[in-house]
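Please read the structure below before turning to the comments.
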Amino acid sequence: MTVKYAIIGSGMMGQEHIRNLNLVEGAQITAIAEPDAAMRAAAASLVPNEVALFGDFRELLRHSDADAFLVASPNHTHAIILDALIEQKRPILIEKPVVKDWEEARRIAEKAARFQTPIWVAMEYRYMPGVTRLLEDLEAGRAGKLAMVSITERRFPFLQKVGNWNRFNISSGGTLVEKCCHFFDLMRLMIKSEPVRIHAIGGQAINHLDEAYDGRVPDILDHSFTTIEFANGVSAMLELCMFAEGSHFQERVSAIGSTALLEARVPGPGRFEPDGQVKHAEYVVADRAARKEQIEVMKVDPKILAQGDHHGSTYFQHLGFNRLVREGGAPEVSLEDGLKAVAMGLAAQQSIAEKRPVELGCGNWLG
Ligand SMILES: NC(=O)c1ccc[n+]([C@@H]2O[C@H](COP(=O)([O-])OP(=O)(O)OC[C@H]3O[C@@H](n4cnc5c(N)ncnc54)[C@H](O)[C@@H]3O)[C@@H](O)[C@H]2O)c1
């Protein structure tokens, strides 16, 4: 069965999605809505068949018979676009962060509940090679009783984007929403519980301070430490540093339990390496009884690896979304998951701004 996709927003990430969809059997991109002429042309050149091009997503909605929508526009456009797409009742894959603030979160949650449209929030980190193994092993009880989750990201500064939307909290939602919603999502998935209290410190120490856009200097965080208490007693921590591209691994995702430490180690994109080559990811099991690390190198098919910056995870996620469009069922990453990851990011930023812990409680913190 052919699944027809309409793409809304085809900059860096939209084009990564297009290259990956080209590898998914039966996937066909039939329409693209992209206001920037250069990005529109670049995206169209990646599609092997004829594709309808639009400058505005509303035009696309009037003309497209696509089976599914993929949204990869800037964060501040997500709620406006979702608002219209939800009424179409066709499956949506939308890039994280699904929204950028509390008001949008409440509005979209209410509308989605009314229309019951399948919404899958793109959380590529769930599908990274070592991370998938860690999640499986955790489920199988390989760490014993889980007590701590620690995630470290040490990476390059934010890249330049179309219209510089990622330079300001008002359009991106802020660094801990824009970037770290991935990690907050992983924490909820690993810990299988809800956060009750978040305490963060951080700031903008090094990056973008010498830049100005229409006279405004970027106001986004470039480093932070966030600690999170979960309702089931598990403690979690996130370290973020965005001026550390010399680090061998970009992310370390660790789960520490009564019997073992499990860790996924993921390097950054190959295109930023001095030799242009992507390094291998690793998956590590450190059993307390054995007292040593068992390190497994995670290999990904080079053809899949070459389609983007995310170690093949965009492709693996698309296989799942494609199945959902063909067969129905529930999205693996639900709107609720996406909204809760945003809410955690917003709470962490509030904690930094107000220099105090922020309570989320166990109840309905989106309501
Ligand atoms: N999951 C990940 O790992 C990951 C990685 C990178 C980006 N992202 C997310 O993907 C989204 C896009 O990021 P990007 O890096 O591709 O940014 P980008 O600036 O490269 O691309 C965004 C594109 O959307 C277009 N656009 C702007 N307004 C639009 C509208 N109203 N309708 C349709 N298109 C519109 C812009 O012209 C631009 O071409 C963001 O939400 C970002 O957070 C996710």
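In our numbering, the protein residues as written are 116 to 482. Cβ coordinates follow ideal geometry from the N, Cα and C atoms, glycine included.
Taken from the Cβ of residue 280, at least one heavy atom of ligand 1 lies inside 7 Å. Following the DSSP letters along the chain, one finds residue 120 inside the beta strand (DSSP E) bounded by residues 118 to 123. One alpha carbon belongs to residue 336, the other to residue 278, and they sit about 19 Å apart. Residues of the same chain with a CB within less than 6 Å of the CB of residue 456, apart from the 5 flanking positions on each side, are 296, 299 and 300 in chain order. Per DSSP, residue 402 lies in no alpha helix (DSSP H); the unbroken beta strand (DSSP E) holding it starts and ends at 396 to 402.
Cβ-Cβ distances below 7 Å link residue 269 to 356, 359, 362 and 365 in the same chain, with the five nearest sequence neighbours on each side left out; the list follows chain order. Under the three-state reduction of DSSP output, residue 296 falls in the helix class.
Counting of Cβ neighbours within 10 angstroms places residue 178 among the exposed residues, the total staying below 16. In the DSSP assignment, residue 310 falls within the beta strand (DSSP E) that extends over 310 to 318.
DSSP places residue 335 in no alpha helix (DSSP H); its state is neither H nor E. In the displayed model, residue 392 falls within coil according to three-state DSSP, outside both helix and strand. Under the three-state reduction of DSSP, residue 358 is assigned to coil, being neither helix nor strand.
The DSSP-derived three-state label of residue 432 is helix. In the structure shown, residue 324 falls within a coil segment according to DSSP collapsed to helix, strand and coil. The straight-line gap separating the alpha-carbon atoms of residue 399 and residue 354 is approximately 19 Å. Inclusion of residue 151 in the 7 Å shell around ligand 1 follows from its C-beta lying nearer than that to a non-hydrogen atom of the ligand. Rounded to whole angstroms, the gap between the alpha carbons of residue 125 and residue 134 is 11 Å.
Annotation for residue 276 indicates a beta carbon within 7 Å of some heavy atom of ligand 1. The C-alpha of residue 255 lies about 28 Å from the C-alpha of residue 312. By alpha-carbon distance to residue 128, the top candidate from 274, 145, 321 and 372 is 274.
In this structure, the straight-line span from the alpha carbon of residue 340 to that of residue 466 is close to 11 Å.
Cβ-Cβ distances below 7 Å link residue 415 to 244, 426 and 427 in the same chain, with the five nearest sequence neighbours on each side left out; the list follows chain order. Under the three-pair Cβ rule at 8 Å, the region 207 to 217 counts as touching the region 176 to 192.
Within the same chain, 385 come within 8 Å of residue 392 by CB-CB distance, once the 5 residues on both sides are set aside. Look at residue 277 here: in three-state DSSP terms it is helix. Beta-bridge annotation (DSSP): residue 341 is paired with 315 and 353.
DSSP places residue 227 inside the alpha helix (DSSP H), whose first and last residues are 217 to 230. CA-CA distance, residue 221 to residue 447, rounds to 21 Å.
Taking all protein chains shown into account, residue 371 has 16 or more neighbouring C-beta atoms within 10 Å of its C-beta and is therefore buried. Per DSSP, reduced to three states, the secondary structure at residue 192 is helical. Under the three-state reduction of DSSP output, residue 387 falls in the helix class. In this structure, the C-beta of residue 211 approaches ligand 1 to less than 7 Å from one of its heavy atoms.
C-alpha of residue 350 to C-alpha of residue 408: approximately 23 Å in a straight line. Residue 272 sits close to residue 322, with the two beta carbons spaced by under 8 Å. Counting along the chain, residue 374 sits inside no alpha helix (DSSP H), nor does DSSP assign it H or E at all. Distances taken from the Cβ of residue 431 to the heavy atoms of ligand 1 include none shorter than 7 Å.
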